[in-house]
Amino acid sequence: METAPAEALELLQSIPDPADLNRKNKALFNLLYIQALDKNNFPIESDSLIHIALSYYKSRGKSRELAETYFYLGYYFVENSMTQEAIHTFLRAEKIALDLKEWNLLGLIYARLNKEYQKQQDWDNALKMNKLSIHYFGKCQNIKNMYLGYLNLAQTFICNTQLDSCQNYLQKAQEGFLKIQDTLDYVHSLILEGGIYLSHNNLSKAKTLLLKANGFYKNTPNLKQSLMLALIYSYENKLDSARLALSHLSNEYPTTEPGFYFTLANIEQQDHKPEKAFETLKKGYILQDSLYKNNIAHSVYRYAQLYNKKTAETENQKLALRNHLLLGGLLFLLISSLLLYFIYKNRLNKRSREMAESQMRVLETEKRITKLQELLHHLNQTPKNGSQKLFIQQIQMLKELAAANTRNIHNEKKRNAEIQTIREKYMLGEDWEAVKTGINGLYNGLADYFEEHYKKYLSESEIKICILTYCNFSIQEIATYLRISEKTVYNSRYKICKTLVPERTNSLEQILNKIQNDFLNSCG
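Each residue of the sequence shown is one higher than the one before, starting from 35 at the first, in our numbering.
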């Protein structure tokens with residue numbers, strides 16, 4: 035297939051009744067036959083052989099044969115002017131070839147993608163594909179195709195008007211073709227380079243290259259090279275030489291190549307024959323228009339074929355999509371049910387934790403109320419002076435405030451309203467002197483001792499917090515009494531501890547008990 039493609043095609047055509055082969059061999063025969071057509075430069079006129087091979091290889095999973103089948107299906111789309119379908123199919127072949135590390139096939143795929151992106155004038159992608167093809171041909175030591183990649187890259191830079199880069203890659207291609215003695219491709223590179231110089235009106239350099247290329251042809255002239263030579267001779271006013279260059283083509287190309295007529299019209303214009311030049315130019319445009327219409331007609335026919343095929347595919351896709359949606363809906367319902375269950379369970383656990391915390395707070399509040407009741411009972415048993423009565427009222431108020439907090443633990447608005455009502459009832463929230471007098475009476479002057487010995491270390495509010503803490507007031511009760519936030523009480527307690535005991539090894543209650551011992555010792 036690689037070294038003698040004509041013999042390969044002949045051998046394949048000699049196989050009797052390939053339709054009778056089993057499914058595996060029939061797929062292989064079709065793939066090899068399509069490859070042989072491509073290697074011998076025959077058009078792939080039908081995709082039926084490709085689809086037979088594709089159907090088999092798709093059922094067998096990823097393989098080199100599957101990637102090759104997609105490649106030739108893309109090539110079929112190229113020949114039928116279906117650029118988007120070709121690109122899509124080449125990309126499918128690329129994905130499989132990458133997974134299987136089929137470097138040579140990847141080089142072929144990227145070379146074809148380069149040409150398709152050039153048709154769309156997408157130069158960035160065209161250059162990217164060309165460089166990838168060179169990379170993978172080099173990786174698998176396909177030297178000839180690597181040098182052809184340089185030639186294609188030069189053509190891409192011409193289209194993108196990057197002539198310096200074009201010259202660089204042309205030189206690489208020519209050196210490579212000479213190294214491997216590839217005369218035909220070397221001549222093509224000379225013709226391409228001659229066209230570059232011709233486009234820049236460097237007629238002398240262009241003619242030298244084209245004549246150099248002409249020396250490699252024995253009998254059959256190259257169309258593009260002959261047309262460019264004729265054009266150069268016409269610019270130089272060497273009309274006989276221009277006609278001679280075209281005469282080699284007159285028997286083979288005039289009915290199929292509009293460029294022949296356009297070049298001949300230019301020669302006749304230079305020869306001062308405007309009427310004849312006009313008629314020749316008219317023939318060229320008529321031929322160009324005819325070829326365009328034939329392509330359109332062929333495209334319409336192919337579209338009708340593809341429409342029927344795609345309609346069937348669309349129906350199958352819709353059925354598959356419906357099944358997928360049904361399965362997706364069931365999965366969605368299952369996942370949603372699980373999520374709802376876990377959300378409900380999480381909320382239930384959260385409520386249980388909140389109830390347990392609330393019960394703990396209620397128990398702590400009840401303990402403090404019990405302590406306050408014991409303190410009230412003790413005060414009621416002692417002779418009552420005015421200060422003690424005021425202090426009893428303060429304690430009673432705090433007791434009611436604690437109870438209000440417990441009752442309305444989940445309703446902040448109601449809790450605040452009830453607290454305000456209790457404050458207005460007692461009207462004692464700021465009568466600190468009365469409270470201090472009561473504490474001095476209960477604890478033998480402890481409040482005065484605090485103020486006298488610690489006023490240079492602590493602020494007034496910090497001294498109040500110390501005294502109330504010693505009297506078993508909770509943080510919440512202290513905050514309520516002093517009308518500050520609980521956070522402020524926490525911060526003040528921390529600051530007091532750091533001030534009184536810098537190493538901060540004891541709690542505030544332990545520090546206050548030590549202060550009480552010092553106070554009792556000072557009292558004798």
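Beta carbons: idealized from backbone N, C-alpha and C, even for Gly.
Go through its chain and collect everything with a Cβ distance to residue i's Cβ below 7 Å, but skip five positions before and after it.
i	result
Ala565	Given that the chain is displayed from residue 35 to residue 558, the structure contains no residue 565 and the question cannot be resolved.
Gln189	Leu226
Tyr67	Leu46 and Leu83
Gly172	Met180
Cys505	Ile473
Lys96	Ile130, Asp133 and Leu134
Asp552	none
Look at the Cβ atom of residue i, then the Cβ atom of residue j, and state whether they are nearer than 7 Å.
i	j	result
Asn186	Gly141	no
Ala70	Leu43	yes
Glu176	Asn138	Here residue 176 turns out to be Asn, not Glu, going by the sequence shown. It is a contact, given that the beta carbons lie within the stated cut-off.
Leu166	Tyr184	no
Ile301	Ser268	yes
Pro77	Glu113	yes
Contact defined as beta carbons within less than 8 Å: I believe residue i pairs with residue j. What is the distance between those atoms, to the nearest angstrom?
i	j	result
Met163	Leu182	Not confirmed; about 14 Å, so no contact.
Arg94	Leu134	With 8 Å as the limit, Arg94 and Leu134 do not qualify as a contact, their Cβ atoms being about 13 Å apart.
Ile497	Glu511	So it is not a contact: roughly 17 Å between Cβ atoms.
Leu534	Thr503	Contact flag wrong, Cβ pair sits at about 12 Å.
Gln544	Leu480	Actually they do not touch by this definition, with Cβ atoms about 16 Å apart.
With a threshold of 7 Å between beta carbons, is residue i in contact with chain D?
i	result
Leu62	No chain D is part of this structure, which consists of one protein chain only.
State the Cα-Cα distance for the pair residue i and residue j, rounded to the nearest angstrom.
i	j	result
Lys532	Ser371	54 Å
Lys379	Lys489	54 Å
Leu161	Gly210	20 Å
Lys11	Ala131	The chain is shown from 35 up to 558; residue 11 falls before or after that span and cannot be answered.
Gln304	Ser275	13 Å
Leu365	Phe124	35 Å
Leu373	Asn64	53 Å
Glu119	Glu150	10 Å
Tyr110	Tyr375	56 Å
Leu45	Leu359	50 Å
Asp216	Arg126	32 Å
Ile509	Ile377	35 Å
Pro50	Met35	20 Å
Cys500	Glu398	20 Å
Val469	Thr522	21 Å
Tyr104	Ile168	21 Å
His306	Asp81	52 Å
Lys310	Gln154	37 Å
Glu467	Tyr483	14 Å
Ser238	Asn271	13 Å
Leu368	Gln351	25 Å
Glu391	Glu400	14 Å
Ser495	Thr471	17 Å
Tyr295	Pro308	14 Å
Arg356	Gly363	10 Å
Cys174	His122	25 Å
Thr242	Asp54	58 Å
Ser199	Glu136	29 Å
His159	Leu224	This sequence places Asn at residue 159; His is not what is there. One C-alpha to the other measures close to 26 Å.
Whose C-beta lies closer than 8 Å to the C-beta of residue i among residues of the same chain, with five residues either side of it excluded?
i	result
Ser519	Ala513
Lys58	Tyr90
Ala40	Asn74
Asp219	Lys178, Tyr181, Leu182, Leu185, Ala207 and Phe211
Met394	none
Thr348	none
Asp72	Ile78, Tyr106 and Tyr109
CB-CB under 6 Å to residue i, same chain, minus the five flanking residues each way: which ones, in chain order?
i	result
Met116	none
Pro52	Phe63
Ser526	Glu496 and Ile499
Lys317	Tyr295
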